[in-house]
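Taking it in order: structure first as structure tokens, then the write-up.
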Amino acid sequence: MSFILFAEQVLNGLQFGVMLFLMSAGLTLVFGVMGLINLAHGSLFMIGAFAAAAVAGLTGSFVLALMAALAAAAAAGALVEVLVIRRLYDRDHLDQVLATFALILIFSEGTRWIFGSFPLFLNIPDYLSGPVTLPGGIQYPLYRLTLIGIGLAVAVGLFLLISRTRLGIQIRAGESDREMIAALGVDISKLYTIVFALGAALAGLAGALVGAIQSVQVGMGEPVLILAFVVIVIGGIGSIKGALIGSILVGLTDTLGGLFMPALFALFMDNSSAATAGSALASMLIYILMAVVLIVKPSGLFGARA
């Protein structure tokens, strides 16, 4: 295996990881602050992708498409929080799961009704298309490098928001003792709406960015949501740093596993069987990683102790 191929796969894993971070960061904030299991988070990813594709098709502007994705997902998240989620905070997790699963069906059928059943396509803008040459002679798509940069920039922004701003102080306090901050005069309902809209906006941004490298279609958020749950279990519930580290670990494990497992099995089996067995094991690696982390540290890598 050449160094260039390995480096490209590492970059692919990093790009996949930072996109998972945009999903898992909002999910871990919502679960950490509100204690809410939100299965509809993947639908907000889908809404961002469809909003971006629709606006890009009308205006031809990728920047406007990203802004539309942020606005549409945040608005949908705030609306859902006010109309539905607000009634679930004092209910048990089973009620939350059933209600948010119903939201998945509503969003999926509503999107199909508005946009139809056929996929939409969001083109990469000309100024981000084509490869760039990195040190070592590595040719890598500029757009994927841009995704890595955007994801890391969002991670830095979230860290500063949580650690250096008044809103961040309220969010951290809400994770620890929501009754106390409500008693101190913080409008807890407003705080919950802001947190939910922020998480929805991050999911919508991820959907718009990913929509340019795959088709935009109904149900595209659910597979990503499953991986986002794996990420927050590995990183620790409520931890932005844990979401970032967990996302990168999952992205690299998934990508490099798909590269190395078939080659490893080929040493002991014939080529056809090796490819099948290697691919099957590669798809299991992230769950094996999650199990190992939970055995070593049940609260996740950066989760608070119970």
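When you read off a place in the sequence shown, starting at 1, and then add 1009, the result is the number in my numbering. Even glycine gets a Cβ: it sits at the ideal position worked out from N, Cα and C.
Original post:
DSSP three-state call for T1142: helix, strand or coil?
Top reply: strand
Subject >> Distance between Q1024 and L1151 (C-alpha atoms, nearest Å) >> reply: 12 angstroms
**OP:** Closer than 7 angstroms by C-beta to F1205: which residues in its own chain qualify, once you throw out the five before and the five after it? Chain order, please.
**Re:** V1039, G1086, A1087, E1090, I1094
Original post:
Terminal residues of the continuous beta strand (DSSP E) containing Q1226?
Top reply: Premise fails: Q1226 is in no beta strand (DSSP E) and is neither H nor E.
**OP:** From the DSSP output, in three-state form, read off L1048 for me.
**Re:** coil
Subject >> Short Cβ contact (7 angstroms threshold) for I1246 with G1312 >> reply: Yes, Cβ-Cβ distance for I1246 and G1312 is below 7 angstroms.
Subject >> Pair within 7 angstroms by beta-carbon distance, A1060 and A1049 >> reply: no
Subject >> Straight-line Cα distance separating T1037 from A1315 >> reply: Note that A1315 scores a pLDDT of 45, beneath 50, so its modelled location is shaky and nothing firm can be said.
Original post:
What residues in its chain sit with their C-beta under 6 angstroms from that of S1033, if we drop five residues either side in the sequence?
Top reply: Here S1033 has A1237, V1240, I1241, A1252, S1256 as same chain residues with Cβ atoms under 6 angstroms from its own Cβ, once five neighbours each way along the sequence are excluded.
Original post:
Which ranges would you report for the alpha helix (DSSP H) in the stretch 1086-1128 if only whole runs of at least 4 residues count?
Top reply: Secondary structure in the stretch 1086-1128: the alpha helix (DSSP H) runs of 4 residues or longer, each lying completely within the stretch, are 1102-1124 in chain order.
Subject >> Segment limits, beta strand (DSSP E) that includes I1147 >> reply: Where I1147 is concerned, the enclosing beta strand (DSSP E) stretches over 1147-1150.
**OP:** Work out the CA separation of L1137 and A1006 for me, nearest whole Å.
**Re:** Because the chain here runs from 1010 to 1315, residue 1006 falls outside it and cannot be looked at.
**OP:** Compare the Cα-Cα distances from A1058 to each of L1131, N1021, E1017 and report the closest residue.
**Re:** L1131
Original post:
Roughly how many angstroms separate the alpha carbons of I1013 and L1268, rounded to a whole number?
Top reply: 13 angstroms
Original post:
So, helix, strand or coil for N1021, using DSSP?
Top reply: helix
**OP:** For the alpha helix (DSSP H) holding Y1201, just list the boundary residues, first then last.
**Re:** 1197-1220
**OP:** Inspect the beta-carbon positions of S1258 and L1218 and report whether they are closer than 7 angstroms.
**Re:** According to the sequence provided, residue 1258 is Leu. The question's Ser does not apply to it. Going by C-beta atoms, L1258 is not nearer than 7 angstroms to L1218.
Subject >> Sequence-distant residues of its chain with Cβ nearer than 7 angstroms to A1209 (five each side left out) >> reply: G1035, L1053, A1082, A1083, A1085, G1086
Subject >> Whether G1216 touches M1055 by CB criterion (7 angstroms) >> reply: The answer is yes: Cβ separation under 7 angstroms.
**OP:** Compute the Euclidean distance between the alpha carbons of N1047 and G1145, then round it to the nearest angstrom.
**Re:** 43 angstroms
Original post:
So which of G1194, Q1105, T1262 has the shortest CA-CA distance to I1297?
Top reply: Among G1194, Q1105, T1262, the Cα nearest to that of I1297 belongs to T1262.
Original post:
In whole angstroms, what is the alpha-carbon distance linking I1159 and E1118?
Top reply: Straight-line Cα distance between these residues: approximately 31 angstroms.
**OP:** May I ask you to report which of helix, strand or coil DSSP gives A1315?
**Re:** Reliability of the predicted coordinates at A1315 is poor, the pLDDT of 45 falling under 50, and the value obtained from them is presented with this limitation in mind. Annotated three-state conformation of A1315 is coil, per DSSP.
Subject >> Residue range of the unbroken alpha helix (DSSP H) whose run includes I1246 >> reply: Counting along the chain, I1246 falls outside any alpha helix (DSSP H), and DSSP gives it neither H nor E.
Original post:
Closest by CA to L1211, which one among M1028, T1142, A1074?
Top reply: M1028
Original post:
Which ranges would you report for the beta strand (DSSP E) in the stretch 1050-1079 if only whole runs of at least 3 residues count?
Top reply: none
Original post:
Quick one: Cα of S1070 to Cα of Y1149, how far?
Top reply: Looking at the two C-alpha atoms, the distance is approximately 24 angstroms.
Original post:
So what does DSSP say about D1186, is it helix, strand or coil?
Top reply: coil
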